[in-house]
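Here our numbering is used: the first residue of the sequence shown is 1090, the next is one more, and so on. Backbone N, C-alpha and C define an ideal beta-carbon position, used for all residues, glycine too.
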Amino acid sequence: KRVPPQAFYLGVARIATQTGTFFMAEPWRALADLIYTRRKSWKRLLELEADLRIDHETLMQSDKMLLKELSEGYPSPRVRAVLKRMLKELITKK
1090 KRVPPQAFYL GVARIATQTG TFFMAEPWRA LADLIYTRRK SWKRLLELEA
1140 DLRIDHETLM QSDKMLLKEL SEGYPSPRVR AVLKRMLKEL ITKK
């Protein structure tokens, strides 16, 4: 499935190896693309953790600045809304 081409490089790292160069999505970007392509809409972080088997501490230690950037710059309003809910919950759980 295709993801929106706007802001393609937001949350994507360029990796160079001896065999070539490729792009790899950061975890929050991969999640944003998953929300977009599969039309997922978790209401709470607990739902996300259970559905994707993500460790709670991993989410708490994640790159919240990238999550904020994605919640403001991802081309889909639906994805931005889900990411904003997650960011708000992560920030309030400190």
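Notebook entry, point to check: Taking DSSP as the reference, what is the three-state secondary structure of residue 1096?
Noted result: Reading the sequence shown from its first residue, position 7 is the one you call residue 1096. Judged by DSSP in its simplified three-state form, residue 1096 adopts coil rather than helix or strand.
Item checked: Top-ranked residue by Cα proximity to residue 1177, from 1127, 1123, 1100 and 1148 -> Here residue 1177 refers to the residue found at position 88 of the sequence shown. Checked all of 1127, 1123, 1100 and 1148; the closest Cα to residue 1177 is 1148.
Item checked: Neighbour-count burial assignment, residue 1130, 16 or more Cβ in a 10 Å radius -> Numbered from 1 along the sequence shown, position 41 holds the residue referred to as residue 1130. With fewer than 16 Cβ atoms within 10 Å of its Cβ, residue 1130 is classed as exposed.
Next item on the list: Can you tell me which of the three DSSP states residue 1104 falls into?
Entry: Along the sequence shown, one-based indexing puts residue 1104 at 15. Correct three-state label for residue 1104: strand.
Notebook entry, point to check: How about residue 1159 and residue 1118: are their beta carbons less than 8 Å apart?
Noted result: In the sequence shown, the residue the question calls residue 1159 occupies position 70. In the sequence shown, the residue the question calls residue 1118 occupies position 29. Taking the C-beta atoms as reference points, residue 1118 is found nearer than 8 Å to residue 1159.
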